[in-house]
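Q: Counting the sequence shown from 1 gives a position; my numbering is that position plus 787.
Don't be surprised by glycine CBs; every beta carbon is placed ideally from N, CA and C.
Nothing here was measured: the structure is a model prediction, and the numbers come from that model.
Let me give you the structure first, and then I'll get to my questions.
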Amino acid sequence: MSAVIDLLSGVVQGSGIGPLLFLSYINELAEILERAGVTVKLFADDVKLYINVVNDCDALKLQNALDLPTQWANMWPLSVSVDKCCVLGIGRFPVTAPTDFYIDGHKLSLVSFCRDLGVTVSHDLKPTDK
Numbered sequence: 788m789s790a791v792i793d794l795l796s797g798v799v800q801g802s803g804i805g806p807l808l809f810l811s812y813i814n815e816l817a818e819i820l821e822r823a824g825v826t827v828k829l830f831a832d833d834v835k836l837y838i839n840v841v842n843d844c845d846a847l848k849l850q851n852a853l854d855l856p857t858q859w860a861n862m863w864p865l866s867v868s869v870d871k872c873c874v875l876g877i878g879r880f881p882v883t884a885p886t887d888f889y890i891d892g893h894k895l896s897l898v899s900f901c902r903d904l905g906v907t908v909s910h911d912l913k914p915t916d917k
């Protein structure tokens with residue numbers, strides 16, 4: 788048997804109960820974000836937020852939702868990988884955003900395409916070979 792140690796945060800790697808503990812952590816974040824009025828998509832430890840931004844109120848709602856993962860992570864001594872985060876406007880969204888979005892004080896880059904789970908998604912949703 789292994790010795791007992793205190794776990795400050797996170798989930799023990801390679802344990803049988805680890806995936807269940809991870810789900811209990813991440814589901815709390817999903818519920819918090821859904822209450823903020825944005826659509827949330829999760830895959831493992833990746834979180835995507837969606838909202839139709841048509842006015843300043845929608846942009847403020849998105850910014851408020853973007854503040855929540857950092858607050859939640861600080862509560863569990865975790866961190867958000869801000870360098871992996873970006874804003875992708877889809878549809879008639881202009882190449883320049885109507886406002887800037889931030890996570891933990893870091894301005895998110897506005898991109899015209901991004902790679903997600905091996906698939907490149909462009910702002911116009913046209914097929915591409917990027």
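Tell me the rounded alpha-carbon separation between residue 887 and residue 840.
A: Straight-line Cα distance between these residues: approximately 12 Å.
Q: Among the residues of its own chain, which have a CB less than 8 Å from the CB of residue 838, if the five just before and after it don't count?
A: The answer, listed in chain order, is 824, 825, 826, 845, 848, 849, 852.
Q: For residue 903, write down the residues that DSSP places opposite it in a beta bridge.
A: According to DSSP, residue 903 bridges with 906.
Q: Specify whether the stretch 888 to 897 and the stretch 852 to 861 touch according to this definition: at least 3 beta carbon pairs, one from each stretch, less than 8 Å apart.
A: With a cut-off of 8 Å, the stretch 852 to 861 and the stretch 888 to 897 count as touching, because enough Cβ pairs lie within range.
Q: Just to confirm the assignment, what range does the alpha helix (DSSP H) spanning residue 844 have?
A: From DSSP, the alpha helix (DSSP H) with residue 844 extends over 843 to 862.
Q: Residue 868 by DSSP, collapsed to three states: which one?
A: Of the three classes helix, strand and coil, the one that applies to residue 868 here is coil, per DSSP.
Q: Considering only the alpha carbon of each residue, which of 903, 910, 904 lies closest to residue 897?
A: Here the closest residue by C-alpha is 910.
Q: Near residue 835, what residues of its chain come up, given a Cβ to Cβ distance below 6 Å and the 5 sequence neighbours on each side ignored?
A: Cβ within range, chain order: 828.
Q: Which of helix, strand or coil does DSSP assign to residue 890?
A: Here residue 890 sits in strand by DSSP.
Q: Which residues in the same chain have their Cβ closer than 7 Å to the Cβ of residue 904, if we skip the five residues on either side of it in sequence?
A: Closer than 7 Å at the Cβ level, and outside the excluded window around residue 904, lie 830.
Q: Quick one: Cα of residue 801 to Cα of residue 790, how far?
A: About 16 Å.
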